Structures are given as structure tokens and as C-alpha cells.
Amino acid sequence: ALIAFSRFHLNHTGQTFVIFVLTVAAAEAAMALALVVLLFRRRESLSADVWSEMRG
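Going from the sequence shown to the numbering used here is simple: count from 1 and add 7.
What follows is the structure, given as C-alpha cells:
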């Protein structure tokens with residue numbers, strides 16, 4: 008919707024905003040994947056039961 012709106016009004020602000028949002032979403036997904044890999048390497052399991060022992 009933002010790209011269509013910016014194209015209709017001959018303004019590139021909407022396209023710039025979309026690129027920014029996609030970049031932030033990609034960085035967020037990369038951080039989540041890195042966290043999952045780190046958790047798996049620490050305990051060699053992604054089971055929630057194994058990780059509930061960390062409460063303190």
C-alpha cells in the first residue's frame with residue numbers, strides 16, 4: 008500500500024520506508040536465528056524443559 012501511494016503521488020518516501028522496514032525485519036530475524044543457534048550449542052537441545060532449569 009505504501010509503494011502504491013508513493014507512486015500515485017510521485018513521492019519516494021513510501022518506498023524508502025518500505026525498504027527500511029524490510030531491513031529492520033531482516034535484522035530481527037537474523038538475531039532470532041543467532042539466538043536459537045546459541046541456545047542449541049549451549050545445551051544441545053531446543054526443548055523448553057531443558058531450558059526451564061535456567062530460572063534463578
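Where is the CB? At the ideal position from N, CA and C, for every residue including glycine. Note that the structure is predicted; figures quoted are calculated from it, not measured.
For my contact list, L53 and V43 are in at a C-beta cut-off of 8 Å; report their separation, rounded to the angstrom. Right, the Cβ-Cβ distance comes to about 7 Å (below 8 Å), so this counts as a contact.
Can you give the Cα-Cα distance for N18 and F47, rounded to whole angstroms? Those two C-alpha atoms are separated by around 46 Å.
Euclidean distance between Cα positions of H16 and I26: In this structure, the CA atom of H16 is about 18 Å from the CA atom of I26.
For G21, which residues from the same chain have a beta carbon less than 7 Å from its beta carbon, with the 5 sequence-adjacent residues on both sides left out? Exclusion of the five residues before and after G21 leaves L9, I10, F12 and S13 as the residues of its chain whose Cβ lies within less than 7 Å of its Cβ.
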